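Protein sequences, first through last, are from chains A and B. Heads up: the first sequence at position 167 corresponds to 167 in UniProt numbering, and the numbers run straight through without jumps. Heads up: the second sequence at position 124 corresponds to 124 in UniProt numbering, and the numbers run straight through without jumps. Heads up, the thing below is written out as structure tokens.
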Amino acid sequence: MYSFTLSLNKIAAACLLASAGQAIAAQPAAAQPVTLGVAIPTATHGFTGGIVWWANQAKKELEAANPNLKVIVKTAGSTPEQANQVQDLLVVNKMNALVILPLESASLTQPVAQVKNKGVYVTVVDRGLTSPNAQNAYVAGDNTAFGRLPAEYLAKKLNGKGNIVVLRGMPSTIDNERVNAFNAEIAKHPGIKVLDAKYGNWNRDDAFKVTQDYLTRFKQIDAVWAADDDMAIGALKAIEQAKRTDIKEVFGGAGAKFAVKKVIDGDRLIQANVSYSPKFIYDAIKMTANARLKGETLPAKTIIPSVLITRANASQFYYPNSPY
Amino acid sequence: MQPTPTTDGGGALPGTPVKAAGPALARPLSRFKGAGPIVALVLLCIAGALLNPGFATFDNLMNVLTRTAFIGIIAVGMTFVIASGGIDLSVGSMAALIAGVMIVAMNALALGASPPSALAIVVIGIGLALAFGAVAGLAHGFLVTHGRIEAFIVTLGTLGIFRAVLTWLSDGGAITLDFNLSETYGPVYYQSVLGVPIPVWIFALVAIAGVVILNRTPFGQHVQAIGSNEQVARYASIRVDRVKTLTYLLLGVCVAIATILYVPRLGSATPTTGILWELEAIAAVVVGGTSLKGGSGRIMGTVVGAILLSVIGNILNLTSIISVYLNAAVQGVVIITVAYLQRGRR
């Protein structure tokens, strides 16, 4: 799995380089007006808040730089709403390119496929569709590394021996992918025991409660894999309240700005993080817009790598103006 | 003045003379039904203690009671609204928005030109929260009574409005309390008095006040009379609109109290704060024996109901017998079972 992901990253990077090379060679004379629709989830928690912020950031920068480009950002709270928006973008706004972060894979595959059949260039971000035929390009974060890197880091930090409790996100394929990658890596270290894994629903309050109960239940916990920075806050507060000193690390994830700040400041419990920035929507919009303005296409699959953030490189992942 | 309960019978108003038809039978039976949640709670606690020795410890008990305090306090207010035949779906969003507004205001004060002391800022924040809750409740009551819009619709509307405004205030991210203020404010959640955390004390006080107001005052009698039969209550010259509006105001204040205790816990408000609290509060009220159709309110039942819901979650976290995917199913089964044990008139 490890080498597979790595090679995927390499391929993606190579493709990116190749397309960048082409971009330089291409003649800007062929410029055609692009109306780019962006369909993303409504800001309902920190991460989607970041998605919305980065999408608007991309709109601002790209529209200022390209008079031929119009970016329309639509946020949806539910799958049917998003499907309607995609349709409206086509019929009302006459978009010819779409960047979509689907709320749900299966139910949005048909609506997106229909838009693509009408000649719209489709880039799908993060959550994939069930049929790759419905998309031209796919851009995603690396969920396997999101689970594997904390496992590697914690195994090393605990010298291959200790007890870990896990807070999961919401029951979803993304969460399964991350947790499976984490467990697969931990399995290589027989001295490390995962005591339990319960859902904290990517929510501070739920994480607080679950951690309180973990602390009641287990007398010796060496590390918490909170699997998300919002949940890490809840876990930290519960540990602080219980005045427990056995825990050496709370590993969140996704590179929220407060967490990265703690890494920079050398916090006692949060010393590392893994990047899974909502910035990938920005990258996807920018790549799609630039390619379409030149009449080019993107590589079929681009994985934005998840990187281990430690004090040494944390400043590169710190975006103080983003809400996330 | 004392309203006579109407034809649907059986649901004797607590604290009022039971009406003529079949009192001898109805009284002990309803007593027995009122014990449903307590029996369930005791059984659950025994199960919890058997499953994990950590369950029966004082610290765990306090954890459970403290986390119940938010929903419990809201549910006490909700008992009044439901007993009068109303409903409020917006309490979770309202709590989130009050938390957000409170934090924004306190931060602004702290960063202002000549900031007052941290303690003064916290007191101002608390006052602001109470005022906000009261005004929001008043607005609900006004729209329901004078606006003649169903409470379900009014509060469904404000559910969306409150949460959207919070999301907008926070840019979809988190609103976080200034660090120095957190230090000052933190003890409100984390400090204990006589070994019992402050939120548990406040929860107890709110519950006692609720019992007194609902069962020992004319206002409480009127609330239940209106829920029993609004038309008859009108004929009995009860000022229905005013009483109903007051129930929403009371609930708004309860939401504010809960929020005041909630903010120092994590020192932040996010768009996920308070999600589904309305359903938990309504479930606590109904599990506690108050009819969703109004009429008879049971504050102590509500308190037990709220604790029951927290205990289920706590036990599920303390064990790993059941697949985590099925947690919500276990909760659902217990809720339905207790509601069945305690079903009254329909």
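Positions of the beta carbon are idealized from the N, C-alpha and C atoms, including for glycine. Every value quoted in this text rests on a predicted model; they were computed, and no experiment measured them.
{"Item": "Whether G119 (chain A) touches S105 (chain A) by CB criterion (7 angstroms)", "Value": "no"}
{"Item": "Local conformation of D230 (chain A) per DSSP, three classes", "Value": "helix"}
{"Item": "Residue range of the beta strand (DSSP E) that includes G162 (chain A)", "Value": "G162 to R168"}
{"Item": "Residue from A:A238, A:D230 and A:L101 with nearest C-alpha to N60 (chain B)", "Value": "A:A238"}
{"Item": "Element boundaries [alpha helix (DSSP H), containing T216 (chain A)]", "Value": "R204 to R217"}
{"Item": "Contacts that A174 (chain B) makes with chain A (C-beta to C-beta distance below 7 angstroms)", "Value": "G46"}
{"Item": "Below-7 angstroms beta-carbon distance, G54 (chain B) vs any chain D residue", "Value": "This model lacks chain D altogether; the protein chains it does include are A and B."}
{"Item": "Inter-residue Cα distance where the pair is K244 (chain B) and A134 (chain B)", "Value": "14 angstroms"}
{"Item": "Status (buried if at least 16 other CB within 10 Å, exposed otherwise) for A24 (chain B)", "Value": "Here A24 (chain B) scores only 48 on pLDDT, less than 50, and its place in the model is too uncertain to base an answer on."}
{"Item": "Interface residues of chain B facing F208 (chain A) [CB-CB closer than 9 angstroms]", "Value": "R67, R265 and L266"}
{"Item": "Residue from B:G72, B:F55, B:L43 and B:L51 with nearest C-alpha to A284 (chain B)", "Value": "B:G72"}
{"Item": "Secondary structure of V303 (chain B), DSSP reduced to three states", "Value": "helix"}
{"Item": "Buried versus exposed call for P199 (chain B) [16 or more other C-beta atoms within 10 Å across all chains shown]", "Value": "buried"}
{"Item": "Residues that G313 (chain B) contacts on chain A, provided the C-beta gap is smaller than 8 angstroms", "Value": "K209"}
{"Item": "Length of the line joining the Cα atoms of D142 (chain A) and H189 (chain A)", "Value": "23 angstroms"}
{"Item": "Residue 348 (chain B) to L292 (chain B) span [Cα, whole Å]", "Value": "Only positions 1 to 346 of chain B appear in this structure, which leaves residue 348 (chain B) out of reach."}
{"Item": "Where the alpha helix (DSSP H) containing F182 (chain A) begins and where it ends", "Value": "T173 to I186"}
{"Item": "Test: D228 (chain A) CB closer than 7 angstroms to a CB of chain B", "Value": "no"}
{"Item": "Own chain residues within Cβ distance below 6 angstroms of V307 (chain A), not counting five before or after", "Value": "S275"}
{"Item": "Proximity to S268 (chain B) [Cα-Cα], best of A:P33, A:D175 and A:N203", "Value": "A:N203"}
{"Item": "Partners in chain A for N107 (chain B), counting only beta-carbon separations shorter than 7 angstroms", "Value": "The premise fails here: N107 (chain B) is roughly 15 angstroms from chain A at the closest Cβ pair, so nothing lies under 7 angstroms."}
{"Item": "Sub-7 angstroms separation of D222 (chain A) and G162 (chain A) beta-carbons", "Value": "yes"}
{"Item": "Endpoints, the alpha helix (DSSP H) within which F251 (chain A) is located", "Value": "Unbroken run through F251 (chain A) is the beta strand (DSSP E), E249 to F251; no alpha helix (DSSP H)."}
{"Item": "Local conformation of N229 (chain B) per DSSP, three classes", "Value": "coil"}
{"Item": "Nearest candidate by alpha-carbon position, reference I164 (chain A), set A:P132, A:L154, A:T173 and A:P171", "Value": "A:L154"}
{"Item": "Residues near I72 (chain A) by beta carbon distance below 6 angstroms, same chain, minus five either side", "Value": "G37 and N93"}
{"Item": "Contact set between R178 (chain A) and chain B, taken where Cβ atoms lie within less than 9 angstroms", "Value": "What R178 (chain A) touches in chain B: nothing, since even the nearest Cβ is about 15 angstroms away."}
{"Item": "Euclidean distance between Cα positions of I281 (chain A) and F182 (chain A)", "Value": "25 angstroms"}
{"Item": "Residue closest to K193 (chain A), alpha-carbon to alpha-carbon, out of A:T75, A:Q220, A:T211 and A:T173", "Value": "A:Q220"}
{"Item": "Helix, strand or coil at Y190 (chain B) according to DSSP, with G and I counted as helix", "Value": "helix"}
{"Item": "Residue range of the unbroken alpha helix (DSSP H) whose run includes K286 (chain A)", "Value": "F280 to L293"}
{"Item": "Cβ contact (3+ pairs, closer than 8 angstroms) linking the stretch 228-242 of chain A and the stretch 295-310 of chain B", "Value": "no"}
{"Item": "Same chain only: Cβ atoms within 8 angstroms of residue 345 (chain A), ignoring 5 sequence neighbours per side", "Value": "Given that chain A is displayed from residue 1 to residue 324, the structure contains no residue 345 (chain A) and the question cannot be resolved."}
{"Item": "Bridge-paired residues (DSSP) for P41 (chain A)", "Value": "A:A76"}
{"Item": "Span of the beta strand (DSSP E) around A223 (chain A)", "Value": "A223 to W225"}
{"Item": "Environment of P218 (chain B) [buried if 16+ CB atoms lie within 10 Å]", "Value": "exposed"}
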